[in-house]
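Residue numbers (full-length UniProt numbering): 1 to 363.
The block underneath contains the structure these notes are about, expressed in structure tokens.
Structural data, given as structure tokens:
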């Protein structure tokens, strides 16, 4: 075998130190990729919750607490320790889940709750063969074609942010919207998925009525159950409908959470919103945090979202009519172009988090 350093191309163009640094980075990336599955495994098997309850533990105790095999618990603990997710004490051979990880990995009320983020990532990677076929055949992969980890992980990840920001920060950032909701408003939530956003708003504003819509029938079934469980199904209805075909008119508020860029025809969807909204109504568009240029998005959040865009969001758009494929990192300028093409005249960035930008759109 020819040594890398003996290769003519390597001798002429490759800095060996930089190459080996990149190899080291690649090893870390493979470990991180495998850890996505390990986090989902730890969440679903109850490892993190057991560690949060027990304090310092070992493989035998963790296996006993979760009714799992000790061999898996041992290797999982070591992998988590190597990745810095748990702390290992060699003197006692015990493992501890630090309080910060307890908040991020076990506390569903924490604004930093992360298991859903890992779950949607794992589900997205699982379907990569379908995406490769679509790329070769100028086709798309619809949301309905993905596995349940994509759907469930999406709900868990975004519900965390909606719980943390929607009622206390995002809606108050819109001009006059909270007052309307308190008095009693008609609200349409477009592309609602499992209905997390719809239910959260309904719980906060009992005088208002809400209609959630999504083209994915299985998601609407889940959304209806979520509304029943939350006790708001007397004020919340859900319908199976695409973004250009949802029903109703005269809405005081229309919302679209992390979905506009997934739509095949976002301009058509925006036109339908314009036709369905009251003259003094507001359309709240929540999109992934992004700047208007590629350079703006070359950061850890942008990297994650470009990954989801390649494997999940762009294929979803391409599977639909028009297939505009805005991309997850479309940025506010492209969203502005979409809504103004549909007849809206007022547009501003109202709020933001590290993961989301909230846009206020009005007739």
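Beta carbons are placed, not taken as given, at the ideal position from N, Cα and C, and that holds for glycine.
Do residue 290 and residue 299 have their beta-carbon atoms positioned less than 8 Å apart in this structure? no
Helix, strand or coil, according to DSSP, for residue 339 in the structure here? helix
Per DSSP, cross-strand counterpart(s) of residue 209: 186
Determine whether the beta carbon atoms of residue 327 and residue 314 lie at a separation below 8 Å. Yes. Within cutoff.
Going by DSSP in three states, residue 383 sits in which element: helix, strand or coil? The structure shown does not extend to residue 383, since the chain is modelled only from 1 through 363, so no value can be given for it.
Here's the rule I'm using: 16 or more other beta-carbon atoms within 10 Å means buried, otherwise exposed. How should residue 19 be labelled? The residue is exposed, with fewer than 16 neighbouring Cβ atoms inside 10 Å.
Let me make sure I understand the geometry here. Which of 308, 31, 286 and 180 has the alpha-carbon closest to that of residue 353? Taking only the C-alpha atoms, the option nearest residue 353 is 286.
Extent of the continuous beta strand (DSSP E) run through residue 76: No beta strand (DSSP E) holds residue 76; the alpha helix (DSSP H) holding it covers 70–82.
Paired residues, beta bridge with residue 87 - DSSP: DSSP lists 96 as partners of residue 87.
Option in 295, 219, 272 and 15 with minimal Cα separation from residue 147: 219
Does the contact criterion of 3 or more C-beta pairs under 8 Å hold for the segment 103–118 versus the segment 70–84? In short, these stretches do not touch, since the Cβ pair count stays below three.
Under 8 Å by Cβ, that's how I've got residue 131 and residue 141 pegged, so tell me the actual separation to the nearest angstrom. 6 Å
Apply the 10 Å Cβ neighbour rule to residue 360 and answer buried if 16 or more other Cβ atoms are within range, or exposed otherwise. Burial check for residue 360: the Cβ neighbour count within 10 Å reaches 16 or more, so the residue is buried.
Reference residue 339; option with closest CA among 260, 322 and 355: The shortest Cα separation from residue 339 among 260, 322 and 355 belongs to 260.
Counting C-beta neighbours from all protein chains within 10 Å, is the total for residue 180 16 or more, i.e. buried, or is it exposed? buried
Pull up the DSSP beta-bridge partners for residue 115, would you. Bridge partners of residue 115: none, in fact.
Inter-residue spacing [alpha-carbon to alpha-carbon] between residue 213 and residue 237: Each residue's alpha carbon lies about 9 Å from the other.
Pick out whichever of 227, 320 and 164 has its Cα sitting closest to the Cα of residue 268. That would be 320, whose Cα lies nearest to the Cα of residue 268.
Same chain, Cβ closer than 8 Å to residue 133, five either side skipped, listed in chain order: 139
With burial defined as no fewer than 16 other Cβ atoms inside 10 Å of the residue's Cβ, what is the status of residue 16: buried or exposed? exposed
Which residue marks the beginning of the alpha helix (DSSP H) containing residue 14, and which one marks its end? Where residue 14 is concerned, there is no enclosing alpha helix (DSSP H), given that its DSSP letter is neither H nor E.
Residue 226 vs residue 187 beta-carbon contact at 8 Å: no
Using beta-carbon positions only, say whether residue 95 and residue 35 come within less than 8 Å of one another. no
Sort out for me which residues DSSP pairs residue 256 with in a bridge. 190 and 285
Assign residue 244 to one of two classes, buried (16 or more other C-beta atoms within 10 Å of its C-beta) or exposed (fewer than that). Counting Cβ neighbours within 10 Å, residue 244 comes out buried, since at least 16 surround it.
Quick check: the Cα distance between residue 322 and residue 270, rounded to an integer number of angstroms? Straight through space, the alpha carbons of residue 270 and residue 322 are spaced by roughly 14 Å.
Given this structure, state the Cα-to-Cα distance separating residue 394 from residue 120, to the nearest angstrom. Only positions 1 to 363 of the chain appear in the structure, and residue 394 is not among them; the question remains open.
Using 8 Å as the threshold, is the C-beta distance between residue 273 and residue 254 below it? yes
Counting C-beta neighbours from all protein chains within 10 Å, is the total for residue 14 16 or more, i.e. buried, or is it exposed? exposed
Element boundaries [alpha helix (DSSP H), containing residue 237]: Careful: residue 237 lies outside any alpha helix (DSSP H), inside the beta strand (DSSP E) at 236–240.
Nearest residue (CA-CA) to residue 263, options 101, 160 and 193: 193
Between 335, 43, 278 and 143, which lies nearest to residue 103 when the distance is taken from Cα to Cα? A check of alpha carbon separations from residue 103 across 335, 43, 278 and 143 identifies 43 as the nearest.
Does DSSP put residue 251 in a helix, a strand or coil? strand
Counting only beta-carbon atoms, is residue 253 nearer than 8 Å to chain C? Chain labels in this structure do not include chain C; a single protein chain is all it has.
In the DSSP assignment, what are the bridge partners of residue 277? According to DSSP, which records beta bridges pairwise, residue 277 is partnered with 251.
Which residue or residues does DSSP assign as beta-bridge partners of residue 104? None, per the DSSP bridge assignment.
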